[in-house]
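If you number the sequence shown the way full-length UniProt numbering does, the last residue is 413 and the count never jumps.
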Amino acid sequence: MAKGEDRARGGFKASRHGDGKAQRASAAGNKSSQKKAAEQREAKGAKKVITKAASPFLRGRKIDPRKIDGTETVVQLVEQCFQSYNSGRLREACQLFTEKMLTPKCTVGLTLTGALTPAGLGMSSIIPLIEAGFVDWIISTGANLYHDTHFGLGLSMHRGDPQTSDTVLREEGVVRIYDVFFDYDVLLSTDAFFRKVIRAPEFQRTMSSAEFHHLCGKYLVEREKALGIPQKSLLAAAYRCGVPIYTSSPGDSSIGMNVAALALEGGTCVIDPNRDVNETASIVLHAKRNGESAICIMGGGSPKNFALQTEPQIQEVLGIDERGHDYFLQVTDARPDTGGLSGATPAEAVSWGKIDPDKLPDAVVCYLDSTIALPVLTSYALGKKKPRKLKRLYDRRDELMARLRREFEAANK
Numbered sequence: 001m002a003k004g005e006d007r008a009r010g011g012f013k014a015s016r017h018g019d020g021k022a023q024r025a026s027a028a029g030n031k032s033s034q035k036k037a038a039e040q041r042e043a044k045g046a047k048k049v050i051t052k053a054a055s056p057f058l059r060g061r062k063i064d065p066r067k068i069d070g071t072e073t074v075v076q077l078v079e080q081c082f083q084s085y086n087s088g089r090l091r092e093a094c095q096l097f098t099e100k101m102l103t104p105k106c107t108v109g110l111t112l113t114g115a116l117t118p119a120g121l122g123m124s125s126i127i128p129l130i131e132a133g134f135v136d137w138i139i140s141t142g143a144n145l146y147h148d149t150h151f152g153l154g155l156s157m158h159r160g161d162p163q164t165s166d167t168v169l170r171e172e173g174v175v176r177i178y179d180v181f182f183d184y185d186v187l188l189s190t191d192a193f194f195r196k197v198i199r200a201p202e203f204q205r206t207m208s209s210a211e212f213h214h215l216c217g218k219y220l221v222e223r224e225k226a227l228g229i230p231q232k233s234l235l236a237a238a239y240r241c242g243v244p245i246y247t248s249s250p251g252d253s254s255i256g257m258n259v260a261a262l263a264l265e266g267g268t269c270v271i272d273p274n275r276d277v278n279e280t281a282s283i284v285l286h287a288k289r290n291g292e293s294a295i296c297i298m299g300g301g302s303p304k305n306f307a308l309q310t311e312p313q314i315q316e317v318l319g320i321d322e323r324g325h326d327y328f329l330q331v332t333d334a335r336p337d338t339g340g341l342s343g344a345t346p347a348e349a350v351s352w353g354k355i356d357p358d359k360l361p362d363a364v365v366c367y368l369d370s371t372i373a374l375p376v377l378t379s380y381a382l383g384k385k386k387p388r389k390l391k392r393l394y395d396r397r398d399e400l401m402a403r404l405r406r407e408f409e410a411a412n413k
């Protein structure tokens, strides 16, 4: 490097260094002036706090919650007291769900991961959402659907002490999911129910997981009526309301294990994942062509990906012009920096085509336990919105698949 260049570069550095000093001096002077002004106001006993011209970062609503007195509704508690941190994100999630996702033109998909139904979330939260028309289609782990079935069969689950020794529980014939305890016979009775219904002639074919769960729901409706118990199974509720329920990994649950066992007897019930991939894509394509698509994610895992991959299936694989889901709401305890899908943020989903980039500002991620967030979200939504007309997407599967096939063929001529 030439000496002249070096001097010039050094001069630039010196100039920049000098500018930095000037900026710091200016900032210090401004703060000093602000300090003196504040002292003068205090000396005069100013009754009104004066703030400087609003910075764009100071335009948010002031944190000024009302005192909790025990008379608040959930809606009031969320709107008035959930101000910041993850309570603030839960408030934003509730508002996104009710104000944008529950419009008549929006189709809402719900994904379920983690042991939610054993904790009673199926009865307390998911069934009310289904019956109110607030959930149009579902992707769940098979385990959630298996444990949901216990309640539809009149079998009991109990609160327990999570510190109890598993060895002691094993000796007592008790199974647990953290602090949910139940008798080992609950598993055996539920297995027996599934094996009995899956042996029926209507199951002896290849089908999507939505068809499989719809048939199971039909038998659970009958069992609930026979037992004279109130509506407790989300599979039964989905059957009544025409809500298709898919599972992203049919073999990864006790339901799938029983299907596999019957195959050893010569049973011909086959759950076809190809149908699931295309049917879920057809639901999203229909939603986008007639309005908007929203995904509400409880947890993460495989159901989250299965719901979001509908857009890459439409765009990347089938070659159909599309832009991504409109609304993304996730409740999770997973971190984004470990690379797992459960913690992946909506911003990361844009590059995959999963989320419409224009709608990214509406996305909400709440880092919270789903067993806390889902009942609050449900109560808030039911308190704010009237029920929507049921879309009954299960009954329209053939129509939706026909549209997907037409657009696929047109895009690949």
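Just so it is clear, CB atoms sit at the ideal spot from N, CA and C, and this is done for glycine as well.
Which first and last residues belong to the beta strand (DSSP E) in which residue i is found?
i      : result
Ser140 : 137–140
Gly160 : Where Gly160 is concerned, there is no enclosing beta strand (DSSP E), given that its DSSP letter is neither H nor E.
Asp183 : 180–183
Ser293 : 292–298
Ile177 : 174–177
Val376 : Unbroken run through Val376 is the alpha helix (DSSP H), 370–384; no beta strand (DSSP E).
Within this structure, are the beta carbons of residue i and residue j separated by less than 7 Å?
i      : j      : result
Pro303 : Ile271 : no
Thr107 : Ser293 : yes
Gly300 : Thr332 : yes
Gly343 : Ala334 : yes
Gly142 : Gly256 : yes
Arg388 : Gly133 : yes
Val364 : Glu172 : no
Lys100 : Tyr327 : yes
Ile283 : Ala411 : no
Ser315 : Gly353 : The sequence given here places Gln at residue 315; Ser does not occur at that position. In this structure, Gly353 lies closer than 7 Å to Gln315 by Cβ.
Leu102 : Lys385 : yes
Ile177 : Ala263 : no
Ser228 : Lys105 : It is worth fixing the name first, because residue 228 is Gly in this sequence and not Ser. Cβ atoms of Gly228 and Lys105: not closer than 7 Å.
Leu90  : Ala373 : yes
Arg66  : Gln83  : no
Give a single yes or no on whether residue i has its beta carbon closer than 6 Å to a heavy atom of the ligand FMN.
i      : result
Thr111 : Although the ligand FMN was asked about, the structure shown includes no ligands whatsoever.
Does DSSP put residue i in a helix, in a strand, or in coil?
i      : result
Ala334 : coil
Glu265 : coil
Arg392 : coil
Arg223 : helix
Ala410 : helix
Ala2   : At Ala2, the pLDDT of 45 sits below 50, so the modelled position is not reliable; the number obtained from the coordinates is stated separately. Of the three classes helix, strand and coil, the one that applies to Ala2 here is coil, per DSSP.
Ile314 : helix
Phe97  : helix
Leu235 : helix
Leu145 : helix
Ile127 : helix
Thr71  : coil
Val243 : coil
Thr280 : helix
Leu116 : coil
Thr190 : helix
Gly10  : Confidence at Gly10 is low in this model, with a pLDDT of 45, below 50, so its placement is unreliable and the value that follows should be read with caution. Here Gly10 sits in helix by DSSP.
Leu329 : strand
Thr103 : coil
Ile198 : helix
Less than 6 Å between C-beta atoms, sequence neighbours within five positions excluded: which residues of the same chain meet that for residue i?
i      : result
Ala307 : Gly109, Thr111, Ile139, Ile295
Asp166 : none
Thr206 : Val270, Asp272
Ser209 : Tyr246, Thr247, Pro250, Ile271, Asp276
Here's a check: name, in chain order, each residue in its chain whose Cβ is nearer than 8 Å to the Cβ of residue i, leaving out the five neighbours to either side.
i      : result
Tyr380 : Val74, Val75, Val78, Cys94, Phe97, Thr98
Asp6   : Annotation note: pLDDT 46 at Asp6 (below 50); position unreliable, coordinate value reported separately. Result list for Asp6: empty, nothing under 8 Å.
Ser125 : Leu374, Pro375, Leu377, Thr378
What residues in its chain sit with their C-beta under 7 Å from that of residue i, if we drop five residues either side in the sequence?
i      : result
His286 : Leu400, Arg403
Arg405 : none
Asp148 : Thr117, Gly122, Ser233, Leu234, Leu235
Ala8   : Here Ala8 scores only 41 on pLDDT, less than 50, and its place in the model is too uncertain to base an answer on.
Glu131 : Ala237, Cys241
Phe212 : Ile271
Asp395 : Gly242
Asn278 : Met401, Leu404
Could you spell out where the alpha helix (DSSP H) holding residue i opens and where it closes?
i      : result
Gly109 : No alpha helix (DSSP H) contains Gly109, which is instead part of the beta strand (DSSP E) from 106–112.
Met74  : The residue asked about is misnamed: residue 74 is Val in this sequence, not Met. Per DSSP, Val74 belongs to the alpha helix (DSSP H) from 74–81.
Val350 : 346–350
Phe134 : Counting along the chain, Phe134 falls outside any alpha helix (DSSP H), and DSSP gives it neither H nor E.
Phe306 : 301–308
- request: Answer yes if the region 136–155 comes into contact with the region 215–230, meaning at least three C-beta pairs across the two stretches below 8 Å, and no otherwise.
  value: yes
- prompt: Does the pairing of the region 246–261 with the region 349–363 give three or more beta-carbon distances under 8 Å?
  reply: no
field: Stretch-stretch touch, CB-based, cutoff 8 Å, three pairs: the region 200–207 with the region 177–184
entry: no
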